[in-house]
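Numbered according to numbering that gives the first Met the number 0, the sequence shown spans residues 0 to 496.
Structure record follows, encoded as structure tokens.
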Amino acid sequence: MTSSEPDFKRLVFIIVDGAPYKIFRALVENGDLPHIKRHVVDRGSLNKAVSAFPSTTGPAFIPFFIGLYPGTANIPGIRWLSKSNFQRPHRFNRPGICSYMGLDGLSFEADLPSDAPTLFNFFSPVSNIYNLLALGCPPAKNLTRWIKPFVYTHAHFSHRWRFVNRIAIRRLHEAAEAGDQFITCLFPAIDTFSHLTAIQSPAVLQTYREIDAAIGKLVNILQKANTFEETLILITSDHGMSDTHTHIDIPQHLDNKGWRCLHYPKVWRQDAVSASMVSGNGMTHLYFKDSSAEKGWGARTPFEKLCQMGVVNPLIELEGLGFIAGQSETGDIMVQSRGGQGKISCHSLEVDHGNSQNVEYSMKCADSLRFSYEFIGTDPLGYGVFYKNLSSRDALRETYDSPYPDGIVQLWQIFKSERTGDLVLSAANGYDLRARYEIPKHHATHGALTAEHMHIPLATNYPIAEQCIRSVDVFPTVLSLCGHNVSGYPIDGRIVQ
Ligand SMILES: [Zn+2]
Numbered sequence: 000m001t002s003s004e005p006d007f008k009r010l011v012f013i014i015v016d017g018a019p020y021k022i023f024r025a026l027v028e029n030g031d032l033p034h035i036k037r038h039v040v041d042r043g044s045l046n047k048a049v050s051a052f053p054s055t056t057g058p059a060f061i062p063f064f065i066g067l068y069p070g071t072a073n074i075p076g077i078r079w080l081s082k083s084n085f086q087r088p089h090r091f092n093r094p095g096i097c098s099y100m101g102l103d104g105l106s107f108e109a110d111l112p113s114d115a116p117t118l119f120n121f122f123s124p125v126s127n128i129y130n131l132l133a134l135g136c137p138p139a140k141n142l143t144r145w146i147k148p149f150v151y152t153h154a155h156f157s158h159r160w161r162f163v164n165r166i167a168i169r170r171l172h173e174a175a176e177a178g179d180q181f182i183t184c185l186f187p188a189i190d191t192f193s194h195l196t197a198i199q200s201p202a203v204l205q206t207y208r209e210i211d212a213a214i215g216k217l218v219n220i221l222q223k224a225n226t227f228e229e230t231l232i233l234i235t236s237d238h239g240m241s242d243t244h245t246h247i248d249i250p251q252h253l254d255n256k257g258w259r260c261l262h263y264p265k266v267w268r269q270d271a272v273s274a275s276m277v278s279g280n281g282m283t284h285l286y287f288k289d290s291s292a293e294k295g296w297g298a299r300t301p302f303e304k305l306c307q308m309g310v311v312n313p314l315i316e317l318e319g320l321g322f323i324a325g326q327s328e329t330g331d332i333m334v335q336s337r338g339g340q341g342k343i344s345c346h347s348l349e350v351d352h353g354n355s356q357n358v359e360y361s362m363k364c365a366d367s368l369r370f371s372y373e374f375i376g377t378d379p380l381g382y383g384v385f386y387k388n389l390s391s392r393d394a395l396r397e398t399y400d401s402p403y404p405d406g407i408v409q410l411w412q413i414f415k416s417e418r419t420g421d422l423v424l425s426a427a428n429g430y431d432l433r434a435r436y437e438i439p440k441h442h443a444t445h446g447a448l449t450a451e452h453m454h455i456p457l458a459t460n461y462p463i464a465e466q467c468i469r470s471v472d473v474f475p476t477v478l479s480l481c482g483h484n485v486s487g488y489p490i491d492g493r494i495v496q
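Next up, the structure:
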């Protein structure tokens, strides 16, 4: 093989929705996933990667397929509100308020940056199974586009998620037999069974084994076609999960404090002055109406003002809240818990490069960001040390095995989005932030910045030595392994080796 030849020609991208790194790793090591171990991990590696905040389906897919953080892509949650657009001219006109769990699910792709290429743009033919980020995939090759709404609705009410997974398995094998160069397959059942039961319930563990058997058959198909050696297989998850014992009623809390709160499904409430837009349900965006705003709800309310308004203190007294984050008047990100306050600042080392239109320029800009972190009292993020002028990679490395992995950069990126709340709340493990209107009731949670929700498995049949990997790094890394040059794209990720 010459050096100009790519390592792989085909890519099979498997997303096991809601598989936490720790559980996945234990199952591989205990021999519960023999096909994944033999054909993928033993030939390559199983890494602990870090998802994006919020760690929830939808926003957490954007890093994989486009290489951008949810905040950069301006999709900071599965639900959000745009203060500047809300109630202008009418509250339900887009892009005022959104829940991709409802009819707005159809708008998810339209809300993505229009000029950014997706993984689908680099291969042909391609196929997509259940994954909701199919931008760039020809409609005819989005294999579940017609049946997905029906089978998902059916499974939602009947809990027959095994049936949904089986359709995915069949489609995956058919696409491999057809010789598609890029296949994305999302398995939804581990996430949904975990929400319904627990993260290691018998139904969940059986689903892992069924997915493993499906990978075994996939490898058989590739071997028969003599294309196994040229196929990069990647198995990952969009987020982890943790079991839930207590639901915190954030909208009720705000109502009780006099901040009448909009929340799904009660988004038509009159005279509301706050809104809670929950994701996963371990995180939520809180928005507060600026009564002096002429149109909409005004701009982002600074953290200092929210403290003066008496919003922050009662919230941090709630049991089960991990932390609250907001943006200071200075632009810094403030992180508050009961015991202390942290501050994240970011500045660019970049001097004038002459041509700000140059794509190379924006890549260098990302590399030139420097992050600092300090706190008073008990560190709300649990790092316990001050950091000064860390690069994005160093900020990742320093916080990788902490209770809030990559918290410095992840909290910075989410506040880049105009649709991010005045406050962002992250629940402690065991708690979620939605006490009503979740039917059926959730017994497991994701969405928060905790290690249990952020650490995801990254299994590849090609060894990746790098120990600290973000989900945004997957996009440039797999493209590079398949021989595509991505250096010209302004993305948040970088190639890991
Ligand atoms: Zn979920």
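Glycine residues also receive a C-beta, built at the ideal position from the N, C-alpha and C atoms.
Helix, strand or coil for P148 per DSSP?
For this step, residue 148 is matched to residue 149 along the sequence shown. DSSP places P148 in helix when its eight states are reduced to three.
Using the Cα positions of H445 and P404, report the straight-line distance between them to the nearest angstrom.
As a working note, residue 445 is residue 446 in the sequence shown. As a working note, residue 404 is residue 405 in the sequence shown. Taking the straight line joining both Cα atoms gives about 14 angstroms.
Should Y20 be labelled buried (16 or more other beta-carbon atoms within 10 Å of its own) or exposed?
Walking along the sequence shown from the start, residue 20 turns up at place 21. Buried: at least 16 other Cβ atoms inside 10 Å.
DSSP beta-bridge partners of C97
As a first step, residue 97 must be located in the sequence shown, where it is residue number 98. For C97, which the question treats as bridged, DSSP gives the partners W79.
Using the beta-carbon count (16 or more within 10 Å), is V150 buried or exposed?
In the sequence shown, counting from the first residue as 1, residue 150 sits at position 151. V150 is buried by the Cβ-count criterion.
Nearest neighbour of L395, chosen from T377, P379, S371 [CA to CA]:
Reading the sequence shown from its first residue, position 396 is the one you call residue 395. Nearest C-alpha to L395: S371.
Anticipated Cβ contact below 8 angstroms, G492 with P475, distance rounded
Counting from 1 along the sequence shown, the entry for residue 492 is found at position 493. Counting from 1 along the sequence shown, the entry for residue 475 is found at position 476. Beta-carbon to beta-carbon, G492 and P475 are separated by about 5 angstroms, close enough to satisfy the 8 angstroms threshold.
Quick one: grab the DSSP three-state call for V358.
Taking the first residue of the sequence shown as position 1, residue 358 is located at position 359. Its pLDDT being 45, under 50, V358 is placed unreliably by the model, and the measurement read from it follows with that caveat. If DSSP states are grouped into helix, strand and coil, V358 belongs with the helices.
F12 - partner residues in DSSP beta bridges
Along the sequence shown, read from residue 1 onward, the residue named residue 12 stands at position 13. Paired residue(s): T183, L233.
Out of curiosity, what's the CA-to-CA distance linking Q340 and A72?
Mapped onto the sequence shown, residue 340 falls at position 341. Mapped onto the sequence shown, residue 72 falls at position 73. Between Q340 and A72, the C-alpha separation is close to 28 angstroms.
With 16 other Cβ atoms within 10 Å as the buried cut-off, status of T459:
Position 460 of the sequence shown, counting from 1, holds the residue named residue 459. Around the Cβ of T459, a 10 Å sphere holds 16 or more other Cβ atoms; the residue is buried.
Heavy atom of ligand 1 within 7 angstroms of D190 beta-carbon:
Within the sequence shown, numbered from 1, the residue matching residue 190 stands at position 191. For ligand 1, at least one heavy atom lies less than 7 angstroms from the Cβ of D190.
heavy atom of ligand 1 below 7 angstroms from G76 C-beta
Here residue 76 refers to the residue found at position 77 of the sequence shown. Flag unset: Cβ of G76 not near ligand 1.
Can you tell me where the alpha helix (DSSP H) holding S193 begins and where it ends?
Looking up residue 193 in the sequence shown gives position 194. In the DSSP assignment, S193 falls within the unbroken alpha helix (DSSP H) covering 188-195.
Span separating the alpha-carbon of L32 from that of D211
Within the sequence shown, residue 32 is the residue found at index 33, counting from 1. Within the sequence shown, residue 211 is the residue found at index 212, counting from 1. When rounded, the distance between both Cα atoms is 5 angstroms.
Find the nearest neighbour of P379 within the set A51, V495, D366, L410, judged by alpha-carbon distance.
Locating residue 379 in the sequence shown gives position 380, counting from the first residue. Comparing Cα-Cα distances from P379 to each of A51, V495, D366, L410, the minimum goes to L410.
May I ask which residues mark the beginning and end of the beta strand (DSSP E) holding L371?
The count along the sequence shown starts at 1 and reaches residue 371 at position 372. At residue 371 the sequence reads Ser, which differs from the Leu that was named. Where S371 is concerned, the enclosing beta strand (DSSP E) stretches over 368-376.
Euclidean distance between Cα positions of P116 and G135:
As a position in the sequence shown, residue 116 is number 117, starting the count at 1. As a position in the sequence shown, residue 135 is number 136, starting the count at 1. Taking the straight line joining both Cα atoms gives about 8 angstroms.
Label H89 either buried or exposed according to how many other C-beta atoms from any shown protein chain fall within 10 Å of its C-beta, with 16 as the threshold for buried.
Position 90 of the sequence shown, counted from the start, is the residue given in the question as residue 89. Residue burial annotation: H89 is exposed, with fewer than 16 other C-beta atoms found within 10 angstroms of its C-beta.
Close-in-space but distant-in-sequence residues of the same chain around I13 (CB under 6 angstroms, 5 per side omitted):
The count along the sequence shown starts at 1 and reaches residue 13 at position 14. Here the set comprises C184, I234.
Leaving out the 5 sequence neighbours to the left and right, which residues in its chain are closer than 6 angstroms to H194 when beta-carbon positions are compared?
What you label residue 194 is simply residue 195 of the sequence shown in a count that begins at 1. For H194, where only same-chain residues beyond five positions count, the Cβ hits under 6 angstroms are H441, A443.
In this structure, how does DSSP classify F64 when only helix, strand and coil are distinguished?
Taking the sequence shown and counting its residues from 1, the one referred to as residue 64 is at position 65. In the structure shown, F64 sits in a helix (DSSP, three-state: H, G or I).
When we look at the beta-carbon of T245 and count the other beta-carbons within 10 Å, is it buried (16 or more) or exposed?
Locating residue 245 in the sequence shown gives position 246, where the first residue counts as 1. Exposed is the call here.
8 angstroms Cβ cutoff met for N164 and F186:
Counting from 1 along the sequence shown, the entry for residue 164 is found at position 165. Counting from 1 along the sequence shown, the entry for residue 186 is found at position 187. Against a cut-off of 8 angstroms, the Cβ pair of F186 and N164 comes out as a contact.
For Q205, does the three-state DSSP call read helix, strand or coil?
For the purposes of this step, residue 205 is taken as the residue at position 206 of the sequence shown. Helix, per DSSP.
8 angstroms contact criterion, which G279 and K82 should meet: CB distance rounded
One-based indexing of the sequence shown puts residue 279 at position 280. One-based indexing of the sequence shown puts residue 82 at position 83. About 22 angstroms separates the two Cβ atoms, so there is no contact after all.
Please specify which runs of the beta strand (DSSP E), each continuous and at least 3 residues long, are wholly inside the region 379-407, giving them in chain order.
Whole beta strand (DSSP E) segments, 3+ residues: 386-389.
Taking F322 as the reference, give the member of R369, E397, N130, A447 with the closest Cα.
Residue numbering aside, residue 322 sits at position 323 when the sequence shown is read from its first letter. Nearest C-alpha to F322: A447.
Rounding to the nearest angstrom, what Cα-Cα distance links A427 and P53 in this structure?
To locate residue 427, count along the sequence shown from 1; it is residue 428. To locate residue 53, count along the sequence shown from 1; it is residue 54. C-alpha separation (whole angstroms): 14 angstroms.
First and last residue of the uninterrupted alpha helix (DSSP H) at S479:
As a first step, residue 479 must be located in the sequence shown, where it is residue number 480. Where S479 is concerned, the enclosing alpha helix (DSSP H) stretches over 473-480.
Counting only beta-carbon atoms, is T444 nearer than 8 angstroms to chain D?
Absent from the structure is chain D; it holds one protein chain and no more.
List, from N- to C-terminal side, the beta strand (DSSP E) runs of 3 residues or more that fit wholly inside the region 229-305.
Complete beta strand (DSSP E) runs here, min 3: 230-235, 273-278, 282-287.
Answer with buried or exposed for Q326, where buried requires no fewer than 16 other C-beta atoms within 10 angstroms of its C-beta.
As a position in the sequence shown, residue 326 is number 327, starting the count at 1. Burial call: buried.
Would S390 pass as a contact of P62 if the rule is Cβ separation under 8 angstroms?
As a working mapping, residue 390 is identified with position 391 in the sequence shown. As a working mapping, residue 62 is identified with position 63 in the sequence shown. No.
In the region 439-469, which residue ranges form an unbroken beta strand (DSSP E) of at least 3 residues, counting only runs that do not cross its ends?
If we require 3 residues or more, the beta strand (DSSP E) runs fully inside the region 439-469 come out as 454-459.
On the DSSP bridge list, what partners appear for M308?
The residue labelled residue 308 in the question sits at position 309 within the sequence shown. Residue pairing by DSSP places M308 opposite no residue, since no beta bridge is assigned to it.
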